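Those letters in the sequence shown? Residues -21 to -1, 1 to 173, by mature numbering (1 follows the signal peptide of the UniProt record, and there is no 0).
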Amino acid sequence: MESSRALRVLSLLVLVAAAAGQVPFLGSCPRPPIVGNFEPQFYLGRWYEYSRYFTIFEVGRKCIQAVYSDAGYGRIGVTNRSIKVLGGTRSDIRGVAEPVGRPGLAKLRVNFEGVPSFGSDANYIVLDTDYTQYAIVWSCSSLKLFNTQFLFVLTREQFPSPYLVKHIMKRIRHFGLDTGKLQKTDQKNCPYGH
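Structural data, given as C-alpha cells:
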C-alpha cells in the first residue's frame, strides 16, 4: 500500500517536471564543472541552437537562435528567436541574464519579459565554451528522488562541422550528462537574417 502511494507521488512529480518542459532523471542533480573564468564580452553575439533536451516552450519551432548583447552592469541582454513550424511566422522573446554567485563563474539567472520567474537560482550555466565555435549550456533542479535538466548545445555556425559536433558530444559525456536525450534542432530552410 505504501509503495503504491510512493509510486503515484513519484509519477505525479515526473508529470509535473515534464509539464515544465525539462527532462527528468533519477537522483539528485549531478555536479559538472562550470566555466570559472567566464568572459561575457566574448560570449555576446549570435548563437544557433544545434540540439537540446526536450523543452515544452520549443515544441513546434525551428530555426532557433539566441542573440546576446551587453545590457550594462554585468548583465547580458537575451533575444531568443524561432520560426513556428505551422505558419512560418517568427517569434521572439526577450530577457536579461544576470550573474549568480562569485564573479567570473558562468552561472546566470535569465528572466524573460512576461514570463513569471521562480526562485533566484541560476538557470543558465555554461559548462563549456570556446566563445568562437560552441557553448554547452545546462541547468538542473533537484526534486527529492529525481532531478530535471535543461541542456542546450549552441554553435556559432548554423551548420557546424561533424568534427566539432563529435568534440561537443565527447565533452558532454565527460561531464557525465546524457547525450542520448539530445534532440537536434531543425535549422534547414530558415529565412535569411531571421
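Cβ atoms here follow ideal geometry from the backbone N, Cα and C, with glycine treated the same way. Predicted model, so just to flag it, every value in this text is computed and none were measured.
In whole angstroms, what is the alpha-carbon distance linking Pro141 and Tyr29?
Mapped onto the sequence shown, residue 141 falls at position 162. Mapped onto the sequence shown, residue 29 falls at position 50. Their backbone Cα atoms lie some 12 Å apart in a straight line.
Once DSSP output is grouped into helix, strand and coil, what is the label at Gly80?
On the sequence shown, residue 80 is found 101 positions in, with the first residue counted as 1. Correct three-state label for Gly80: coil.
DSSP state of Pro12, grouped into three classes?
Looking up residue 12 in the sequence shown gives position 33. Reduced to three states, the DSSP call for Pro12 is coil.
Rounded to whole angstroms, what is the Cα-Cα separation between Ile43 and Asn168?
Translated into the one-based positions of the sequence shown, residue 43 becomes position 64. Translated into the one-based positions of the sequence shown, residue 168 becomes position 189. Each residue's alpha carbon lies about 12 Å from the other.
Would you please state the rounded distance, in angstroms, between the beta carbons of Arg88 and Asn102? I believe it to be under 8 Å.
Along the sequence shown, one-based indexing puts residue 88 at 109. Along the sequence shown, one-based indexing puts residue 102 at 123. So it is a contact: roughly 6 Å between Cβ atoms.
Counting only the same chain and skipping the five closest in sequence on each side, list residues whose C-beta sits under 8 Å from that of Val75.
To locate residue 75, count along the sequence shown from 1; it is residue 96. Once the five neighbours on either side are set aside, the close Cβ partners of Val75 are Ala50, Arg54, Ile55, Gly56, Val57, Val89, Asn90.
Is the separation between the beta-carbon of Ser7 and that of Ser118 shorter than 9 Å?
By 1-based counting over the sequence shown, the position of residue 7 is 28. By 1-based counting over the sequence shown, the position of residue 118 is 139. Not a contact, by the Cβ cut-off of 9 Å.
Under 9 Å between the Cβ atoms of Leu133 and Tyr27?
Counted from its first residue, the sequence shown places residue 133 at position 154. Counted from its first residue, the sequence shown places residue 27 at position 48. The Cβ atoms of Leu133 and Tyr27 sit closer than 9 Å to each other.
Taking the beta carbon of Tyr52 as the centre, do at least 16 other beta carbons fall within 10 Å, making it buried, or is it exposed?
Numbered from its first residue, the sequence shown carries residue 52 at position 73. Answer is exposed; the Cβ neighbour count stays below 16.
Using the rule of at least 16 other Cβ atoms within 10 Å of the residue's Cβ for burial, across every protein chain shown, is Arg152 buried or exposed?
Along the sequence shown, read from residue 1 onward, the residue named residue 152 stands at position 173. Counting Cβ neighbours within 10 Å, Arg152 comes out exposed, since fewer than 16 surround it.
Would you kindly work out how many angstroms separate the C-alpha atoms of Leu130 and Leu161, rounded to a whole number?
Within the sequence shown, the letter at position 151 stands for residue 130. Within the sequence shown, the letter at position 182 stands for residue 161. Cα-Cα distance, rounded: 8 Å.
Taking the CB atoms as reference points, tell me whether Arg31 and Ile62 lie closer together than 9 Å.
Counting from one through the sequence shown, the residue named residue 31 turns up at place 52. Counting from one through the sequence shown, the residue named residue 62 turns up at place 83. No, they are not a contact pair.
Taking the alpha-carbon positions, what's the Gln137 to Arg25 distance?
Start at 1 with the first residue of the sequence shown, and residue 137 comes out as number 158. Start at 1 with the first residue of the sequence shown, and residue 25 comes out as number 46. Approximately 10 Å between the Cα atoms of the pair.
Given Tyr22, which residues of its chain have a CB within under 8 Å of its CB, disregarding the five upstream and five downstream residues?
Within the sequence shown, residue 22 is the residue found at index 43, counting from 1. Same-chain partners within the cutoff: Tyr47, Ile55, Val105, Thr108, Tyr110, Ala114.
Does DSSP put Val144 in a helix, a strand or coil?
In the sequence shown, the residue the question calls residue 144 occupies position 165. Helix.
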